Amino acid sequence: MVVIGAGLAGARVAQRLGADTVLIGEESHAPYNRVLLAEVLAGRYGPDVIALPTPQGMVLRTRAVRVDRVGRRVHCADGSVVPYGTLVLATGSNPVLPPLRGLFAPGARELPCGVHAFRTMDDCLALSAAVAPGVRAVVIGGGLLGVSAARALAVRGAQVVLTQQAERLMERQLDPASSELVRRHLTDLGVEVHTECRVRGVRVTDGTVRHVELADGYLLDTDVTVLACGVRPRTGLAEAAGLDVRRGVVVDDLLRTSDPHIRAVGDCAEHAGRVYGLATPAVEQADTLAAALGHTPTDGTAPRPYTGTRTLTRLTLPGPGPLDLAAFGDPEPRPDDDVVQLADATRGTYRRVVVRDGRLVGGVLLGELTAVGALARAWEADDPLPDDDSPLLHLLTSDGGR
Numbered sequence: 003m004v005v006i007g008a009g010l011a012g013a014r015v016a017q018r019l020g021a022d023t024v025l026i027g028e029e030s031h032a033p034y035n036r037v038l039l040a041e042v043l044a045g046r047y048g049p050d051v052i053a054l055p056t057p058q059g060m061v062l063r064t065r066a067v068r069v070d071r072v073g074r075r076v077h078c079a080d081g082s083v084v085p086y087g088t089l090v091l092a093t094g095s096n097p098v099l100p101p102l103r104g105l106f107a108p109g110a111r112e113l114p115c116g117v118h119a120f121r122t123m124d125d126c127l128a129l130s131a132a133v134a135p136g137v138r139a140v141v142i143g144g145g146l147l148g149v150s151a152a153r154a155l156a157v158r159g160a161q162v163v164l165t166q167q168a169e170r171l172m173e174r175q176l177d178p179a180s181s182e183l184v185r186r187h188l189t190d191l192g193v194e195v196h197t198e199c200r201v202r203g204v205r206v207t208d209g210t211v212r213h214v215e216l217a218d219g220y221l222l223d224t225d226v227t228v229l230a231c232g233v234r235p236r237t238g239l240a241e242a243a244g245l246d247v248r249r250g251v252v253v254d255d256l257l258r259t260s261d262p263h264i265r266a267v268g269d270c271a272e273h274a275g276r277v278y279g280l281a282t283p284a285v286e287q288a289d290t291l292a293a294a295l296g297h298t299p300t301d302g303t304a305p306r307p308y309t310g311t312r313t314l315t316r317l318t319l320p321g322p323g324p325l326d327l328a329a330f331g332d333p334e335p336r337p338d339d340d341v342v343q344l345a346d347a348t349r350g351t352y353r354r355v356v357v358r359d360g361r362l363v364g365g366v367l368l369g370e371l372t373a374v375g376a377l378a379r380a381w382e383a384d385d386p387l388p389d390d391d392s393p394l395l396h397l398l399t400s401d402g403g404r
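The structure is reproduced here in structure tokens:
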């Protein structure tokens, strides 16, 4: 068994499958939990704290450059050739590099000095080395990653400007009211937030990016520029090998690609037309695949299929007035939906759920999250809610038994 990619999905598959697995990962660091990189940047955790369990099998720290499907071999950048019976692609995703004017000099492939992606441990450590109190930082992108990066930089004492092209922060997860609370939290940390703000380009002085140019021509001074514009499935190996690739590597309910000897999981995989790019689906896919590959059908049962993941986003923003938030499903109501909203300014809590055709379809909670478990279970079950609103109100006001 050979696994390409030592991120959360690949490392979990290798760990579950045991000593006969070869894990190929190109990063020099031991496998780690990418979700917690912002906490390393903030200085709350050291890199060793977010390390994943070490797989029992062989780990090769090199880059896979070609998959030979006929000979069933993986060719690596260091010259090694690894044969496989079953190959698992867990190649993850690459950061989206926006088409900003001046970002790349003609023929250049590396980001200019002063500009950082925020995807890998090396990105995190390089960014940490560049940050000190008073450093001017511009974060481009106000989604989950951008908000986390801006908060971490502010905690480190940087003067942070966060630019978001959409009309609000974390627009995919949050409704307008909860997004405004996140904005207020960042502002209290000293972050200058600009929404509906499009970045046009960057300007280089003496080899370093010193200005970020907005669409209206305004220039933001910067010492450190962070690109947090989303991710794109890393599918180059699969495409070159002739596998079926759309947005991601296409897989069925047992995570099988168009080649019966190759599976795919995590950020690079596309299941039922969806690419998740999140930790929870990656873990669930890895567990499903490990169970399927280790399944011995002595009792006539079939491996458990992967049927998709209903994703719940949780984020803790420490700092003055720490903010905990959770979001699930669709936070935007349609015209015929019912919305139940509870806000407590004294306790700093906000809870809002959307009910569609008698079912809970989405919700946002900020502040105390004791109710999130019960609400998430009701959402995941997708069962009709009682006509009486009292059970839903009980879920919203649940204090977890305290």
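Just so you know, the sequence shown maps onto residues 3 to 404 in the numbering used here.
Note that beta-carbon positions come from the ideal geometry of N, C-alpha and C, so glycine has one too.
Just so you know, these numbers come straight off a predicted model, no measurement behind them.
Annotation for H273: V253 place their beta carbon closer than 6 Å to its own, counting only its chain and skipping 5 residues before and after.
R234 sits close to N96, with the two beta carbons spaced by under 9 Å. Uninterrupted alpha helix (DSSP H) stretches at least 4 residues long and entirely within the stretch 11-53 occur at 39-44, given in chain order. Our two residues, G73 and P85, have alpha carbons roughly 8 Å apart in a direct line. Q161 is bridged by DSSP to R138.
Beta-bridge partners of V204 (DSSP): V214.
For C270, there is no enclosing alpha helix (DSSP H), as DSSP marks it with neither H nor E.
Judged by their CB atoms, H77 and R63 are not nearer to each other than the 9 Å cut-off. The stretch 164-178 and the stretch 145-152 touch, with no fewer than 3 CB-CB distances between them shorter than 8 Å.
When rounded, the separation of the alpha-carbon atoms in Y47 and L327 is 20 Å. For S95, the uninterrupted beta strand (DSSP E) segment begins and ends at S95 to P97. Per DSSP, the beta bridge partners of P85 are R75. Per DSSP, P178 is one residue of the alpha helix (DSSP H) stretching across P178 to D190. When only Cα atoms are considered, P307 and A292 end up about 11 Å apart. By the Cβ criterion, the stretch 110-130 is in contact with the stretch 219-227, since at least three pairs of Cβ atoms, one from each stretch, lie closer than 8 Å. Considered as a whole, the stretch 344-376 harbours 351-358 and 361-368 as its complete beta strand (DSSP E) runs of no fewer than 3 residues, in chain order. Ranked by Cα distance from A8, the first of A288, G232 and L191 is A288. V341 counts as exposed, since fewer than 16 other C-beta atoms from the protein chains shown sit within 10 angstroms of its C-beta.
Residues of the same chain with a CB within less than 7 Å of the CB of V251, apart from the 5 flanking positions on each side, are L91, T237, A240, L245, T259, A266, C270, A271 and E272 in chain order.
S180 counts as buried, since at least 16 other C-beta atoms from the protein chains shown sit within 10 angstroms of its C-beta. Look at the beta carbons and you see the stretch 369-379 touching the stretch 347-358: at least three pairs across the two are nearer than 8 Å. Residue burial annotation: T93 is buried, with at least 16 other C-beta atoms found within 10 angstroms of its C-beta. Annotation: G144 to A347 spans about 25 Å, alpha carbon to alpha carbon. In this model, L222 and T88 are separated by some 51 Å (Cα to Cα). DSSP places R258 in the strand class (E or B) of the three-state scheme. The C-beta of E41 has 16 or more other C-beta atoms within 10 Å across all chains shown, which makes the residue buried. A direct Cα-Cα distance of roughly 9 Å separates G331 from T315.
Judged by beta-carbon spacing, L280 lies within the 9 Å limit of T313, meaning their Cβ atoms are closer than that value. Our two residues, A217 and V140, have alpha carbons roughly 15 Å apart in a direct line.
Between G203 and L105, the C-beta gap is smaller than 9 Å, which places the two residues in contact.
Put simply, the backbone Cα of P333 is about 19 Å away from that of T318. In this structure A156 touches G192 by the C-beta definition: roughly 5 Å separates them, less than 8 Å. For T210, same chain residues with a beta-carbon under 6 Å away, outside a window of 5 residues either side, are C115 and G116 in chain order. In this structure, DSSP gives R379 a helical state, which the three-state scheme calls helix.
Nearest Cα to E198 within the set L171, V206, T189 and D177: L171.
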